[in-house]
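Q: Dropping a structure here in structure tokens format, bear with me for questions.
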């Protein structure tokens with residue numbers, strides 16, 4: 001706790017000196033500026049795309065201006081959605097004039113027909129309505145590219161985002177076209193190491209009672225409590241849920257609250273890749289979003305020394321992933337980047353295998369709001385990469 005106090009004191013001194021950080025994508029003076037509360041540049045700064053979009057957004061966008069959309073999609077719109085998704089692995093509806101979340105869900109369900117319950121997830125997501133969740137992350141932290149729930153032995157085939165409230169030009173989502181990312185990665189030593197060694201995910205979940213129900217929203221050094229992650233109230237029930245996710249569980253002492261002995265540490269060693277049935281090939285299915293650097297720009301958690309942060313990631317044999325390798329990983333995802341601009345009523349559904357997703361940090365003024373509803377698609381059991389599908 002002494003080290004944590006020193007880090008916080010340093011940040012407070014810097015803030016008092018007026019040195020609130022603003023860092024450019026990719027490097028100082030990068031392609032765009034990202035707001036943040038941090039006082040020193042993080043070791044890895046994503047740019048989220050390399051110049052223009054890897055795929056033109058128009059290639060998977062349906063402009064709904066000519067339609068008078070009702071609560072449920074008419075046949076022509078539904079057929080266009082399915083056709084676009086089958087071809088591109090992603091479809092976007094814009095100019096819908098929809099404002100009701102339930103109506104947006106009806107359109108997203110054209111593609112995301114079956115939804116899974118959010119259990120065993122990392123973020124503390126709250127429900128907007130049945131099977132539609134909040135993002136569960138601070139807006140002033142960037143979210144590195146990732147494939148949803150890659151850290152479990154199950155994930156979801158696809159997912160959808162519904163724009164409930166969107167300030168213009170802020171909080172845009174980025175997709176990374178993963179087929180090209182995988183191809184480029186496999187030409188590198190990093191790709192070969194990931195193929196041979198796999199990855200090890202370690203997630204640590206705090207006890208809600210030890211923090212009196214508070215989390216990062218209240219400025220606590222907390223990512224998620226195990227009660228929220230697994231939707232249970234007892235250690236036995238949480239462990240049972242974790243085992244269902246293919247995780248090994250250890251109950252240990254909270255490094256930031258030594259009086260708390262109900263600190264849940266889970267571990268999974270798995271492939272860094274996954275076979276994608278829709279394209280009959282292996283694709284990258286891991287990213288630095290499960291590394292402790294994920295928290296470099298999270299208030300509260302950013303103050304925690306890296307080795308004590310709630311996410312840790314190594315190669316599958318336990319050897320560390322170097323900073324240079326992490327940077328290379330991020331740059332490759334950036335090269336596949338596509339900016340998806342939001343306006344209220346927009347809906348984007350995409351394949352969780354073929355696209356990673358993330359976003360830069362952004363700032364909201366007191367009168368601005370951003371709310372994105374997340375729908376998680378059909379659950380699948382991870383099989384990893386297939387030898388015949390490289």
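Residue numbers (our numbering): 1 to 390. Every residue, glycine too, gets a C-beta built ideally from N, C-alpha and C. In this text, all values refer to a predicted model and were calculated from it rather than measured experimentally.
If you draw a straight line from the C-alpha of residue 353 to the C-alpha of residue 153, how long is it?
A: Along the chain shown, one-based indexing puts residue 353 at 353. Along the chain shown, one-based indexing puts residue 153 at 153. When rounded, the distance between both Cα atoms is 14 Å.
Q: What number of angstroms, rounded off, separates the C-alpha of residue 191 from the C-alpha of residue 366?
A: Along the chain shown, read from residue 1 onward, the residue named residue 191 stands at position 191. Along the chain shown, read from residue 1 onward, the residue named residue 366 stands at position 366. For residue 191 and residue 366, the distance between alpha carbons rounds to 44 Å.
Q: Around the C-beta of residue 391, are 16 or more other C-beta atoms found within 10 angstroms, so that it is buried, or is it exposed?
A: Outside the displayed span of the chain (1 to 390) sits residue 391, for which this structure offers no information.
Q: Nearest to residue 344 by CA position, among 301, 370 and 82, is which residue?
A: For this step, residue 344 is matched to residue 344 along the chain shown. Of the candidates 301, 370 and 82, the one whose C-alpha sits nearest the C-alpha of residue 344 is 370.
Q: Going by Cα to Cα distance, which pick from 59, 320 and 362 is closest to residue 199?
A: Here residue 199 corresponds to residue number 199 of the chain shown, with the count starting at 1. For residue 199, the nearest C-alpha among the options comes from 320.
Q: Suppose contacts are defined by Cβ-Cβ distances below 8 Å. Is residue 295 in contact with residue 302 by that definition?
A: The residue you call residue 295 lines up with position 295 of the chain shown. The residue you call residue 302 lines up with position 302 of the chain shown. Yes, the pair counts as a contact, with Cβ atoms nearer than the cut-off.
Q: Just reading off the alpha helix (DSSP H) that residue 146 is part of, what are its end residues?
A: As a position in the chain shown, residue 146 is number 146, starting the count at 1. Here residue 146 belongs to no alpha helix (DSSP H); instead the beta strand (DSSP E) covers 143-146.
Q: With residue 212 as the anchor, note down where its alpha helix (DSSP H) starts and where it stops.
A: On the chain shown, position 212 is the one that residue 212 refers to. No alpha helix (DSSP H) holds residue 212; DSSP gives it neither H nor E.
Q: With DSSP as the reference, label residue 180 as helix, strand or coil.
A: In the chain shown, counting from the first residue as 1, residue 180 sits at position 180. Of the three classes helix, strand and coil, the one that applies to residue 180 here is helix, per DSSP.
Q: Can you name the start and end residues of the alpha helix (DSSP H) that residue 82 belongs to?
A: Looking up residue 82 in the chain shown gives position 82. Here the alpha helix (DSSP H) through residue 82 covers 75-88.
Q: In chain order, what are the residue ranges of uninterrupted beta strand (DSSP E) at least 3 long that sit wholly in the segment 348-376?
A: Within the segment 348-376, the complete beta strand (DSSP E) runs of at least 3 residues are 355-359 and 371-376.
Q: Please classify residue 196: does DSSP put it in a helix, a strand, or coil?
A: Along the chain shown, one-based indexing puts residue 196 at 196. Residue state, collapsed to three classes: helix.
Q: According to DSSP, is residue 250 part of a helix, a strand, or is it coil?
A: For the purposes of this step, residue 250 is taken as residue 250 along the chain shown, with counting starting at 1. In the structure shown, residue 250 sits in a strand (DSSP, three-state: E or B).
Q: Determine whether the beta carbon atoms of residue 61 and residue 94 lie at a separation below 8 Å.
A: On the chain shown, residue 61 is found 61 positions in, with the first residue counted as 1. On the chain shown, residue 94 is found 94 positions in, with the first residue counted as 1. Yes, the pair counts as a contact, with Cβ atoms nearer than the cut-off.
Q: Any idea what DSSP makes of residue 104, helix, strand or coil?
A: The sequence position of residue 104 within the chain shown is 104, counting from 1. Residue state, collapsed to three classes: helix.
Q: Can you tell me whether residue 312 is buried or exposed, with buried defined as 16 or more other CB within 10 angstroms of its CB?
A: Position 312 of the chain shown holds residue 312. Label assigned to residue 312: buried.
Q: On the premise that residue 184 lies in contact with residue 332, defined as a C-beta separation below 8 Å, what is that separation, rounded to the nearest angstrom?
A: Position 332 of the chain shown, counting from 1, holds the residue named residue 332. Position 184 of the chain shown, counting from 1, holds the residue named residue 184. That belief holds up - the Cβ atoms of residue 332 and residue 184 are roughly 5 Å apart, short of 8 Å.
Q: Check each candidate in 260, 338 and 355 and name the one with the smallest Cα separation from residue 50.
A: Position 50 of the chain shown holds residue 50. Ranking 260, 338 and 355 by Cα distance to residue 50 puts 338 first.
Q: If you reduce the DSSP assignment to three classes, tell me which class residue 230 lands in.
A: As a working mapping, residue 230 is identified with position 230 in the chain shown. If DSSP states are grouped into helix, strand and coil, residue 230 belongs with the helices.
Q: Taking only the alpha-carbon atoms, compute the straight-line gap between residue 236 and residue 63 and give it to the nearest angstrom.
A: Taking the first residue of the chain shown as 1, we reach residue 236 at position 236. Taking the first residue of the chain shown as 1, we reach residue 63 at position 63. So the two alpha carbons sit approximately 49 Å from each other.
Q: Compare the C-alpha of residue 91 against each of 257, 103 and 109 and name the closest.
A: Residue numbering aside, residue 91 sits at position 91 when the chain shown is read from its first letter. The candidate whose alpha carbon is nearest that of residue 91 is 109.
Q: Give the straight-line distance between the Cα atoms of residue 128 and residue 101, rounded to the nearest whole angstrom.
A: The sequence position of residue 128 within the chain shown is 128, counting from 1. The sequence position of residue 101 within the chain shown is 101, counting from 1. Here the model assigns residue 128 a pLDDT of 49, short of 50, so the residue's position is not dependable, and the following value carries that caveat. So the two alpha carbons sit approximately 8 Å from each other.
Q: Identify whether residue 244 lies in helix, strand or coil by the three-state DSSP scheme.
A: Translated into positions along the chain shown, residue 244 becomes position 244. Reduced to three states, the DSSP call for residue 244 is helix.
Q: Please tell me whether, using a cut-off of 7 Å, the distance from the CB of residue 58 to the nearest non-hydrogen atom of the ligand FMN is below it.
A: Only the bare structure without any ligand can be found here, which leaves the ligand FMN out of the picture.
Q: Please list the terminal residues of the continuous beta strand (DSSP E) segment that includes residue 165.
A: Mapped onto the chain shown, residue 165 falls at position 165. Residue 165 -> beta strand (DSSP E) spans 158-165.
Q: In whole angstroms, give me the CA-to-CA distance for residue 58 and residue 374.
A: In the chain shown, residue 58 corresponds to position 58, counting from 1. In the chain shown, residue 374 corresponds to position 374, counting from 1. Cα-Cα distance, rounded: 22 Å.
Q: Residue 75: buried (16+ other C-beta within 10 angstroms of its C-beta) or exposed?
A: Residue numbering aside, residue 75 sits at position 75 when the chain shown is read from its first letter. Classification of residue 75: exposed, given that the 10 Å Cβ count is below 16.
Q: So, residue 255 versus residue 308, is the Cβ gap smaller than 8 Å?
A: Numbered from 1 along the chain shown, position 255 holds the residue referred to as residue 255. Numbered from 1 along the chain shown, position 308 holds the residue referred to as residue 308. Yes, they are a contact pair.
Q: Kindly list the residues whose CB is nearer than 6 Å to the CB of residue 194, restricted to its own chain and excluding five residues on each side of it in sequence; keep chain order.
A: Reading the chain shown from its first residue, position 194 is the one you call residue 194. Result list for residue 194: 272, in chain order.
Q: Along the alpha helix (DSSP H) that carries residue 335, what are the first and last residues, could you check?
A: Translated into the one-based positions of the chain shown, residue 335 becomes position 335. Element bounds for residue 335: 323-335.
Q: Report the residue from 157, 335 and 85 whose alpha carbon sits nearest the alpha carbon of residue 52.
A: Numbered from 1 along the chain shown, position 52 holds the residue referred to as residue 52. Ranking the options by Cα distance to residue 52, first place goes to 335.
Q: For residue 106, which residues in the same chain have their Cβ closer than 7 Å to its Cβ, ignoring the five residues on either side in sequence?
A: The residue labelled residue 106 in the question sits at position 106 within the chain shown. 71, 72 and 73.
Q: Helix, strand or coil for residue 338? Go by DSSP, reduced to three states.
A: Looking up residue 338 in the chain shown gives position 338. Strand.
Q: So, using beta-carbon positions, are residue 210 and residue 155 closer together than 8 Å?
A: By 1-based counting over the chain shown, the position of residue 210 is 210. By 1-based counting over the chain shown, the position of residue 155 is 155. The answer is no: Cβ separation not under 8 Å.
Q: For a quick check, are the C-beta atoms of residue 89 and residue 351 less than 8 Å apart?
A: Working through the chain shown from its first residue, we reach residue 89 at position 89. Working through the chain shown from its first residue, we reach residue 351 at position 351. Contact flag set, yes.
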